[in-house]
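Let me begin by presenting the structure, written as structure tokens, before commenting on it.
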Amino acid sequence: MILNRNELRVGSLDLKVIHLYQQEIGIIMTEEMGRILLLDAKDSPEMFLLSSLLKHCHDTDDVLFLQRETPENADLFIFNGAVTPLNRKLIKEIKLALKSSKLKSKMDLTIENNEDEAFWDKWTSWKYEKQLRIDADKDLVLFNTSRLGLELLTHSCAHLASSFAGHSHFDWYSTSSSPELIIRNIARND
């Protein structure tokens, strides 16, 4: 898949931002009841796309911006906060800069189409605990995550894409920001 990669200067930061529209790629972010976030993918191809985008962010430290098209959805920014410290003010500046950005490079994103099950053999809860920080309201959701958090999100999405589960289930390792509470595969969510 060929994507545009915007090169922006925001404040003192030089950023590379992948900007996609949610409905075009079939991945939608919603906030419900003031406290529940749902990152929905239509089915397995969209979930594998999300997994591949997260892997790309892990490997490059690019910022991923999934823009909403309807007021019912929320804009989603995913970034490695240790490398790219973003706040709401900078997010607003990024959105403005994207409107006038001319510096775009093309990149080829390889879409993964299977799950690396070996990841779950070495998975330990303590290693991935508190690796995802979420700041959300009805219009904007920020996933500030570490490399380990991006790795966990990547593999969680790949698992949902390759399994027949619509979502992961709670277990005793689940926390309020666990991926299993947020990410859904709509077509398989029975």
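Okay, so the sequence shown: first residue is 1175 according to my numbering, each after it adds one. Note that beta-carbon positions come from the ideal geometry of N, C-alpha and C, so glycine has one too. Bear in mind the structure is a predicted one, so any value in this text is a computation, not a measurement.
Give the DSSP-derived three-state secondary structure of residue i in the structure shown.
{"i": "R1321", "result": "helix"}
Return the CA-CA distance between residue i and residue j, expressed in angstroms with no decimal places.
{"i": "I1154", "j": "L1238", "result": "This structure gives no information on residue 1154, because the portion of the chain shown stretches from 1175 to 1364."}
{"i": "G1255", "j": "I1201", "result": "22 angstroms"}
{"i": "F1317", "j": "S1225", "result": "14 angstroms"}
{"i": "W1297", "j": "L1182", "result": "36 angstroms"}
{"i": "K1312", "j": "K1263", "result": "17 angstroms"}
{"i": "L1334", "j": "D1188", "result": "34 angstroms"}
{"i": "Q1305", "j": "S1330", "result": "14 angstroms"}
{"i": "I1308", "j": "V1315", "result": "7 angstroms"}
{"i": "V1184", "j": "A1271", "result": "8 angstroms"}
{"i": "K1190", "j": "A1248", "result": "21 angstroms"}
{"i": "K1216", "j": "S1186", "result": "37 angstroms"}
{"i": "C1231", "j": "V1257", "result": "11 angstroms"}
{"i": "S1337", "j": "K1269", "result": "35 angstroms"}
{"i": "T1319", "j": "W1294", "result": "19 angstroms"}
Can you tell me which residues form a DSSP beta bridge with residue i?
{"i": "L1334", "result": "None; L1334 has no bridge partner."}
{"i": "L1316", "result": "F1251 and D1309"}
With a threshold of 6 angstroms on Cβ separation, who are the neighbours of residue i within its own chain once the five nearest residues in sequence on each side are excluded?
{"i": "L1228", "result": "L1324, L1327 and T1328"}
{"i": "S1218", "result": "A1335"}
Apart from the five residues on each side of it in sequence, which residues of its chain come closer than 8 angstroms, Cβ to Cβ, to residue i?
{"i": "A1365", "result": "What is shown of the chain runs 1175 to 1364, which leaves residue 1365 out entirely."}
{"i": "R1164", "result": "Here the chain covers residues 1175 to 1364 and nothing more, so residue 1164 does not appear."}
{"i": "L1322", "result": "K1301, Y1302 and Q1305"}
Within a Cβ cutoff of 7 angstroms, which residues of the same chain sit near residue i, ignoring the five residues on either side of it in sequence?
{"i": "Q1197", "result": "E1243"}
| message | Please give the ranges of any alpha helix (DSSP H) in the segment 1246-1311, keeping only runs that are unbroken, at least 4 residues long and fully inside the region. | response | When DSSP assignments are scanned along the segment 1246-1311, the uninterrupted stretches of alpha helix (DSSP H) that are 4 or more residues long and fall wholly within it turn out to be 1262-1274, 1292-1296 and 1299-1302.
| request: Just list the beta strand (DSSP E) runs in the segment 1175-1253, keeping only unbroken ones of 3 residues or longer that don't cross its boundaries, in chain order. | output: Taking only runs of at least 3 residues, the beta strand (DSSP E) segments lying wholly in the segment 1175-1253 are 1176-1184, 1187-1195, 1201-1206, 1210-1215 and 1237-1241.
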